[in-house]
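Only one structure is covered here, and it is reproduced in the block below.
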Amino acid sequence: MTSTTSRRVGPAAIERRRAKITAEIAALGLPLPGSLVERRTRCGNTGCHCHGDPPQLHGPYLTWTRKVDNKTVTRTLDVAQADALRPLLENSRRLRDLTTELETLALQQVRDNPTQPDP
Ligand SMILES: [Zn+2]
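Structure, rendered in structure tokens:
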């Protein structure tokens, strides 16, 4: 163990981490865009219990929400559909995390290169 206050990790450590991340990305299943959201709703019938005091809302309904051409698209799912999509949505979240980590490594590499500007 070396005791150092420096946060410099060095090109070898950056390369080791990059190789680990890209190996995990290569093994990742297909990433489905969007997220699972549980919704409780109020209907248009003012006499319904969802308008009561206290209100008892309808649902919960499982929905898959994603952006398509800058618009939010929502699909209602049954439990089996949600269970099938959950791991694919998790792949997408993991892929974003790994991409962010790769970008952090790239920033470190640029920062540690004296011929490059301070990022
Ligand atoms: Zn209602």
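Here the sequence shown stands for residues 60 to 178, numbered as in my numbering.
C-beta: ideal position from N, C-alpha, C; glycine also.
Grab the span of the beta strand (DSSP E) containing residue i for me, first residue to last.
i, result
"arginine 155", "Segment 138 to 170 is the alpha helix (DSSP H) holding arginine 155; no beta strand (DSSP E) there."
Leaving aside the five residues before and after residue i along the sequence, list all residues of the same chain whose C-beta is less than 7 Å from its C-beta, in chain order.
i, result
"proline 92", "Arg125, Ser151"
"alanine 94", "According to the sequence displayed, residue 94 carries serine and not alanine. Thr124, Leu148, listed in sequence order."
"arginine 98", "Gly118, Pro119, Tyr120, Thr122"
Let me check understanding here. Comparing Cα to Cα, which of the options lies closest to residue i?
i, options, result
"glutamate 83", "Glu160, Asn104, Gln175", "Glu160"
"lysine 79", "Thr158, Arg170, Asp177", "Thr158"
Quick one: give me the first and last residue of the alpha helix (DSSP H) that residue i is part of.
i, result
"threonine 81", "69 to 86"
Can you find the residues in the same chain that come closer than 8 Å, C-beta to C-beta, to residue i, ignoring five residues on each side of it along the sequence?
i, result
"threonine 131", "Thr124, Arg125"
"proline 146", "Gly88"
"threonine 63", "Residue confidence for threonine 63 is low, a pLDDT of 47 falling below 50, so the modelled location carries little weight and cannot support an answer."
Tell me whether residue i, by its Cβ, gets closer than 7 Å to a heavy atom of ligand 3.
i, result
"arginine 101", "The model on display carries ligand 1 but not ligand 3."
*Does the stretch 154 to 172 come close enough to the stretch 111 to 122 to have 3 or more Cβ pairs within less than 8 Å?*
no
*Specify whether the stretch 139 to 158 and the stretch 76 to 88 touch according to this definition: at least 3 beta carbon pairs, one from each stretch, less than 8 Å apart.*
yes
*Contact between the stretch 122 to 136 and the stretch 73 to 86 (3+ Cβ pairs under 8 Å)*: no
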